[in-house]
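Chemist: Take a look at this one; I'll ask things after.
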Amino acid sequence: MRSVIDITDLSKEELASLMETANDIMKDPGKYAHACAGRKLATLFFEPSTRTRMSFEAAMYELGGSVISMTDGATSSAAKGESVSDTAKIVSCYADIIAMRHPKEGAALVAANAASVPVINAGDGGHCHPTQTLADLLTISREKGRLCDLTVGLCGDLKFGRTVHSLINALSRYENIRLVLISPEELRLPDYVYNDVIVKNGMKCVQTPDLMWALPQLDVLYMTRVQRERFFNEEEYLRLKDSYILTKEKLNHARPDMIVMHPLPRVNEISVSVDDDPRACYFRQALYGKYMREALILMLLSECEKNDAKTY
Ligand code: NCD
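In this note's numbering, the protein residues as written are 578 to 889.
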């Protein structure tokens, strides 16, 4: 049973094939309209979400499948003390595939080990968020025309931002990527990502607190929200929350072909005046996420079909 917990569960070839499928769905959605007929997706969300849950659900409907949904841990048996493993076993009886978000790091892996259907990690605490990375890769590839030879600036909460951790992991597989990690000292990338991914793969990387210094060098600027829900201390959050605010004026210092990305939701870190700039692609990024989730659901369910065919 194949689950996707971390972006490294997908090979570089599979990433390319998922992007190809997503581009093809965009071109010819009718061809895929019944691809998952009779199949059910369960979305289990123990943490707030708009884009991720709704794009998974829209993706399944657009493939002709149906959806059962748990949108809030507080109204499920988790509130009675049920373990993630038990919930995953039970939901495996009702659905063909599960997308799960949970506040605890590692919860998706626990669910995958217990489930008898594929589990897709839709975000586990401050750890990782592989399907956001699928959206990010398709965005970079479509907007820049390549996934290699890029200087990528990641700005904001690099400590708790799970989308950043997964994206760095994915980018480490492409040629000639230079990372500029822009964050206050307190929100620097965790050592386990810095050492195990950046250093281990010999990626070019600089760390700076200075967005204005970094801006003119970048092909891609990936802004992130300061992750309030992961702070132990509200005062610390309030002190750090507006560390970076990208404005129209600041963008004047960026290359004319730089793209601005953000996994969303944004709070203050990108001023709304930036939205009209042709370099702002965060709303398209959210749309691309739906197509990549369609491609992933298709891939995992068709692998199950092949395995079932082998069994019987
Ligand atoms: C991100 C997340 O949940 O990690 N949102 C998303 O899925 N697009 C980013 C965030 O919440 O800041």
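Yeah, the Cβ is synthetic: ideal placement off N, Cα and C, and Gly gets one too.
Looking at H830 and ligand 1, is the gap between the Cβ and the nearest heavy atom below 7 Å?
Modeler: H830: no, Cβ never under 7 Å from ligand 1.
Chemist: So, for P680: in the same chain, excluding its five sequence neighbours on each side, which residues have a beta-carbon less than 7 Å away from its beta-carbon?
Modeler: F623, E624 and G702
Chemist: Buried or exposed: which applies to R739, given that a residue is buried once 16 or more other Cβ atoms fall within 10 Å of its Cβ?
Modeler: With 16 or more other Cβ atoms within 10 Å, it is buried.
Chemist: Answer with buried or exposed for D713, where buried requires no fewer than 16 other C-beta atoms within 10 angstroms of its C-beta.
Modeler: buried
Chemist: Put M876 into one of helix, strand or coil per three-state DSSP.
Modeler: helix
Chemist: Give me the Cα-Cα distance between S895 and L841, rounded to the nearest whole angstrom.
Modeler: The requested residue 895 does not occur in the structure, where the chain is confined to residues 578 to 889.
Chemist: Is the beta carbon of M603 less than 8 Å from the beta carbon of Y868?
Modeler: yes
Chemist: May I ask which residues mark the beginning and end of the alpha helix (DSSP H) holding K589?
Modeler: K589 to K604
Chemist: Would DSSP call L795 helix, strand or coil?
Modeler: Taken through DSSP and simplified to helix, strand or coil, L795 comes out as coil.
Chemist: Can we say the region 851–862 touches the region 759–773, given the rule of at least three CB pairs closer than 8 Å?
Modeler: no
Chemist: With a threshold of 16 other CB atoms inside 10 Å of the CB of A656, please say whether the residue is buried or exposed.
Modeler: exposed
Chemist: Would you list the residues sitting across from I645 in a DSSP beta bridge?
Modeler: A619
Chemist: Taking DSSP as the reference, what is the three-state secondary structure of D713?
Modeler: helix
Chemist: Residue range of the alpha helix (DSSP H) that C670 falls in?
Modeler: V661 to Y671
Chemist: In angstroms with no decimal places, state the Cα-to-Cα distance between R816 and S653.
Modeler: Their Cα atoms are separated by approximately 35 Å.
Chemist: Which residues, in chain order, sit with a beta-carbon under 7 Å away from any heavy atom of ligand 1?
Modeler: S626, R628, T629, G700, H706, Q709, G738, R739, T740, T801, R802, Q804, P840, L841 and P842
Chemist: Quick check on the DSSP output: the alpha helix (DSSP H) that includes I745 runs from which residue to which?
Modeler: R739 to L748
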